[in-house]
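Below you'll find the structure, written out as structure tokens, and then a few comments.
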Amino acid sequence: MTVRTAPEVGMIGPLLRVITLTAVYLLVLTSLHPGDILTGLVLSTLVVAIASRVSSPKPAPLAPLGRRLAGVPALVGGTLVDLARGTWQTAVALLGRGLADGGLVEVPIPRTGQASAAAWGVRVGFVPDTVVVEVDEKRGRMLLHVLDARDPAAVVAAQHDSYQRRQRRVFP
Numbered sequence: 008m009t010v011r012t013a014p015e016v017g018m019i020g021p022l023l024r025v026i027t028l029t030a031v032y033l034l035v036l037t038s039l040h041p042g043d044i045l046t047g048l049v050l051s052t053l054v055v056a057i058a059s060r061v062s063s064p065k066p067a068p069l070a071p072l073g074r075r076l077a078g079v080p081a082l083v084g085g086t087l088v089d090l091a092r093g094t095w096q097t098a099v100a101l102l103g104r105g106l107a108d109g110g111l112v113e114v115p116i117p118r119t120g121q122a123s124a125a126a127w128g129v130r131v132g133f134v135p136d137t138v139v140v141e142v143d144e145k146r147g148r149m150l151l152h153v154l155d156a157r158d159p160a161a162v163v164a165a166q167h168d169s170y171q172r173r174q175r176r177v178f179p
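First residue of the sequence shown: 8, per this note's numbering; consecutive thereafter.
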């Protein structure tokens, strides 16, 4: 049984980053020439070294991976339900009774991090009756243009319910 020492464990992350960045570089070039591999390794090493020197706030600790992965079916399924519902509402508005009272609604979002806010914006943007105008994680808000903005409180409540039931487990 081999026990890894602290310095050895600390080198795995940067090494994986260098390998990943080099692989992306080579995929973009569509080349495996030795000079291209060497250039990719040098550039990747420089990027990883510079990035490690730049001070950035530590992200909040994430939930265990297994727990997050267990929430993926609800996220995907719920997003598909939202997509179907939004498509139906848009079709009814366009083909049936005309356009509803569309408008902007500001939805407060929890300050959980950029990844969570971005994922929320992308997920909401899939639905055709909602357009994400802006996601401002620092101010804790998302500005949406919705097909029916007559009741902004209902829009906010629906967005928060969707976040809690679908996304929070995967992107806390």
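Beta carbons are placed, not taken as given, at the ideal position from N, Cα and C, and that holds for glycine. Quick caveat, the model's predicted, so the values are computed rather than measured.
Spanning the alpha carbons of GLN166 and VAL114 requires a straight line of approximately 8 Å. With fewer than 16 other Cβ atoms inside 10 Å of its own Cβ, MET18 counts as exposed. With a cutoff of 7 Å on beta-carbon distance, LEU82 and ARG173 are scored as near each other.
Looking from the CA of THR94, the closest CA among ASP136, GLN171, PRO41 belongs to ASP136.
If you look at THR137, you'll find it in the beta strand (DSSP E) that goes 137-143.
In the three-state DSSP reduction, ARG74 falls in the helix class (H, G or I).
Closest in alpha carbon position to GLN171, among ALA98, ARG60, GLY78, is GLY78. Secondary structure of HIS152 (DSSP, three-state): strand.
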